[in-house]
Amino acid sequence: MAEEKTETQLLRESIMMEEKKSKKLNAEIIAEADEFCEGYKIFLDKSPVEREAVEYSLELAKSRGFVEFNPEAEYAPGDKVYYVNRGKAVALAVIGKNGVKNGARLAIAHIDSPRIDLKPNPLYESNDLALFKTHYYGGLKKYQWTAIPLTLHGRIIKLDGSAVDVIWGDEPDESCFCVTDLLPHLAQEQAAKPMAKAFTGEDLNVLVGSLPLDGADDEKELVKLNVMKILNEKYGITENDFLSAELCLVPSFKAKDIGFDRSMIGGYGHDDKVCAYPALAAALDADTPESTCITYLTDKEEIGSDGNTGMQSDFLRYFIYDLAKLDGVEGYRAVSKSTCLSADVNAAFDPTYASAFEAKNSCFINGGVVISKYTGHGGKYDTSDASAEYMGKIRSLLEKNGIVWQIGELGRVDLGGGGTIAKYVANMNVDVIDLGVPVLSMHAPFEIVSKTDVYMAYRAFYEFFMQK
22 MAEEKTETQL LRESIMMEEK KSKKLNAEII AEADEFCEGY KIFLDKSPVE REAVEYSLEL
82 AKSRGFVEFN PEAEYAPGDK VYYVNRGKAV ALAVIGKNGV KNGARLAIAH IDSPRIDLKP
142 NPLYESNDLA LFKTHYYGGL KKYQWTAIPL TLHGRIIKLD GSAVDVIWGD EPDESCFCVT
202 DLLPHLAQEQ AAKPMAKAFT GEDLNVLVGS LPLDGADDEK ELVKLNVMKI LNEKYGITEN
262 DFLSAELCLV PSFKAKDIGF DRSMIGGYGH DDKVCAYPAL AAALDADTPE STCITYLTDK
322 EEIGSDGNTG MQSDFLRYFI YDLAKLDGVE GYRAVSKSTC LSADVNAAFD PTYASAFEAK
382 NSCFINGGVV ISKYTGHGGK YDTSDASAEY MGKIRSLLEK NGIVWQIGEL GRVDLGGGGT
442 IAKYVANMNV DVIDLGVPVL SMHAPFEIVS KTDVYMAYRA FYEFFMQK
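Read left to right, the sequence shown gives residues 22 to 489 (this note's numbering).
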């Protein structure tokens, strides 16, 4: 016979915070998460850079009935449309019963990740080696990008205006590239430097060739010439075409299950593909919501969301204006009534580096989707701090639908911090809060997430879209 609970125990259960840990994850949820994440791993491998993320998202969307948006057309509840911004950002909308008269429901994630970009004049030869000069993109630890296999991705626009898409190094039988590092035997001086100075941005030179052009009749930069000959034969480009190119190097790692229990996923670009895919999947699965729901996959977040494909562009605002016009309402009113989940990651508590966190207000692997009421740094600078009212609405939504969730800050108050697109959405007069997935080793070439956390993110976005 079970012991009767004491008054103290009953009081504790009624007013104290319940521990939100993996005890809530039963076998059924774990199985659903495993199945969902098989699709996510494919998305991660197919979407290392923005253009490819947009292309694969459209492939999935078109297979589920999405068609290109036409601002002159008429749409009925349940219709599904997409709208592409310059090939590097995309909005997917499911028209609701009330359209955007009461605002839209927005889930916004970014599809860019830290990487190594090529400089406009990248190719050079030094001591019979051919290398690329680079400029790193986003916040990364430079030393983590040395001595790992890298793949070249991007687009080149030739002088005649034609486009050449480049992917080199993804296939098992293809060559790859790397940034070299100094052997430990000669690295005493390097090791004595602070980490930020031991490896600088100008040291991120990528090794791309070592053989001179065969049969040359002079001795001038023959290794560089040989590399350029190979690129010309494969892609039809000249060295001048680098001037109108977007080329970058990303890790060659493919998504892999992590742990004996296969409960986690390791891979490149979890920040922020791990939120982009659940938000995308929620839009694909949404069926005639009350209000129009929009998943927007945006660019340039890792470098401040500037530019015409970043969140500070008016692209999304104008898209909502177009939808509002179809509903016969003012665009600014539709925007102001909208609500948003800024779908971005947070740093999962890492026991190896526990001193960097404040455990009571950190998020944990397998703790569920994480709400970050604010991000920023120091005294909440550069952030959108969500209101108590909106926090209450989202908290209620998650609890009502049995979604495992947790709260999280990005490390100790004065240690660092970070930013998301939430503040730019808030500047549109939209209620917004950050909701995403906890990540270990964030911004490293190989990040780690929990499968159940990814699945809970999907459920959160879906229920947010489909709420009455």
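Note that the Cβ used here is the ideal one computed from N, Cα and C, for glycine as well.
Model, not experiment: these values are computed from the prediction.
Would residue i and residue j qualify as a contact pair, given that the criterion is a beta-carbon distance under 8 Å?
i, j, result
"VAL446", "SER312", "no"
"ILE279", "GLY287", "yes"
"ILE177", "ASP262", "yes"
"LEU461", "ASP320", "no"
"VAL111", "LEU79", "yes"
"THR396", "GLY331", "no"
"VAL295", "VAL475", "yes"
"VAL390", "LEU301", "no"
"LEU246", "LEU232", "no"
"LEU171", "THR155", "no"
"PHE153", "LEU113", "no"
"TYR61", "TYR298", "yes"
"ILE454", "ASP293", "no"
"PRO466", "CYS384", "no"
"LYS59", "LYS67", "Residue identity differs from the one stated: residue 59 is Glu in this sequence, not Lys. No, Cβ-Cβ distance for GLU59 and LYS67 is not below 8 Å."
"ALA151", "GLY236", "no"
"SER359", "ILE341", "yes"
"ALA303", "PHE90", "no"
"LEU173", "LEU270", "yes"
Of all the options the options, which has the alpha carbon lying nearest to the alpha carbon of residue i?
i, options, result
"THR309", "ALA74, ARG126, ASN422", "ARG126"
"ILE415", "PHE482, SER357, SER68, CYS314", "PHE482"
"ILE50", "VAL105, ASN142, THR473", "THR473"
"TYR104", "ALA97, LYS26, CYS58, PHE336", "PHE336"
"ALA307", "MET37, ILE116, VAL88, GLU28", "ILE116"
"ASP282", "TYR158, PHE198, ASN387", "ASN387"
"ASN142", "LEU204, ASN226, ARG354, LYS381", "ASN226"
"PHE198", "ASP365, GLU56, ILE137", "ILE137"
"LYS489", "LYS421, VAL453, HIS464", "LYS421"
"ALA380", "VAL458, LEU252, ARG433", "ARG433"
"ASP92", "ILE63, GLY236, LYS346", "According to the sequence displayed, residue 92 carries Pro and not Asp. For the residues ILE63, GLY236, LYS346, the minimum Cα distance to PRO92 belongs to LYS346."
"PRO98", "ASN119, GLN427, GLU89, GLU484", "ASN119"
"ALA443", "MET463, CYS361, TYR402, VAL458", "CYS361"
"LEU161", "ALA217, TYR479, GLU24", "ALA217"
"THR441", "LYS401, GLU468, TYR479, ASP100", "LYS401"
"VAL185", "ASP194, GLY175, LEU264", "GLY175"
"TRP166", "GLU242, SER84, ALA219", "ALA219"
Under the DSSP definition of a beta bridge, which residues are partnered with residue i?
i, result
"VAL111", "VAL105, LEU318"
"GLU89", "TYR103"
"GLY230", "ALA151"
"GLU468", "GLY288"
"THR185", "The sequence given here has Val at residue 185, not Thr. VAL185 is bridged to ILE177."
"ARG126", "CYS314, THR360"
"TRP426", "VAL390"
"PRO459", "ASN367"
"ASP278", "ILE286"
"ILE51", "According to DSSP, ILE51 bridges with nothing at all."
Check residue i in the structure and name its three-state DSSP category.
i, result
"ASN382", "helix"
"PRO135", "coil"
"ILE324", "helix"
"LYS42", "Annotation note: pLDDT 49 at LYS42 (below 50); position unreliable, no value reported."
"PHE370", "coil"
"GLU311", "coil"
"VAL200", "strand"
"PRO205", "helix"
"GLN488", "coil"
"PRO69", "coil"
"ASP474", "helix"
"ALA97", "coil"
"GLU395", "According to the sequence as given, residue 395 is Tyr; it is not Glu. Looking at TYR395 - three-state DSSP - the assignment turns out to be coil, as it is neither helix nor strand."
"VAL451", "coil"
Could you give the C-beta distance for residue i and residue j, rounded to a whole number, given that I count them as a contact under 8 Å?
i, j, result
"VAL425", "LEU46", "7 Å"
"LEU431", "ALA368", "5 Å"
"LEU228", "THR201", "6 Å"
Tell me, please, whether the CB atom of residue i is closer than 8 Å to any CB atom in chain C?
i, result
"ASP149", "Note that chain C does not occur in the displayed structure, where there is just one protein chain."
For the ligand SAM, any of its heavy atoms closer than 7 Å to the Cβ of residue i?
i, result
"LEU232", "Ligands are entirely absent from the displayed structure, and the ligand SAM is therefore not among its contents."
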